[in-house]
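In the UniProt record's numbering, the protein residues as written are 1 to 118.
Where a beta carbon is used, it is the ideal one built from N, C-alpha and C, also for glycine.
In this text the structure is predicted, and so the values were computed from the model without any measurement.
Right, here's the structure in full:
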């Protein structure tokens, strides 16, 4: 793994962890998320950053891992959050946070651990 890819994966993992901490801090229900603009902004910012970082991963890395992570939709979520925030469905942001982000975090941790064992 190229060093820049490793650094981006570390940052992506850290934003995944930040989303998890935010969910624990504010409440683990959609109702809590839906009723708190600060909660929504915190999660949305992390998703935006994850998408931005994923776009910087090398083409080789994205191709090599495409069977495990769909990088295109991750970048697409970044674009939705960045450019459609006012009209973005909070349901979509919430589902991403509770369904997709834990999978992405696990993937990053596995990749980083495998790299450390080399």
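Coarse secondary structure for residue 3, derived from DSSP in three states: What you label residue 3 is simply residue 3 of the chain shown in a count that begins at 1. Residue 3 falls in the helix class under three-state DSSP.
Validate contact between the segment 21-40 and the segment 67-75 using beta carbons, cut 8 Å, 3 pairs: no
Collapsed DSSP secondary structure at residue 100 in the structure displayed: On the chain shown, residue 100 is found 100 positions in, with the first residue counted as 1. Helix, per DSSP.
Distance, residue 99 Cα to residue 93 Cα: On the chain shown, position 93 is the one that residue 93 refers to. On the chain shown, position 99 is the one that residue 99 refers to. If I take the Cα positions, the gap works out to 10 Å.
Residue 71 beta carbon less than 8 Å from that of residue 57: On the chain shown, position 57 is the one that residue 57 refers to. On the chain shown, position 71 is the one that residue 71 refers to. Cβ atoms of residue 57 and residue 71: closer than 8 Å.
Residue 22 (DSSP reduced to helix, strand or coil): To locate residue 22, count along the chain shown from 1; it is residue 22. In this structure, residue 22 counts as helix in the three-state DSSP scheme.
Rounded separation between residue 95 and residue 65 - CA only: Against the chain shown, residue 95 aligns to sequence position 95. Against the chain shown, residue 65 aligns to sequence position 65. Cα-Cα distance, rounded: 23 Å.
Alpha-carbon to alpha-carbon, residue 113 and residue 33: Position 33 of the chain shown, counted from the start, is the residue given in the question as residue 33. Position 113 of the chain shown, counted from the start, is the residue given in the question as residue 113. Cα to Cα, residue 33 sits roughly 32 Å from residue 113.
Residue 48 - containing alpha helix (DSSP H), residue span: Counting from 1 along the chain shown, the entry for residue 48 is found at position 48. Run containing residue 48: 37-55, per the alpha helix (DSSP H) assignment.
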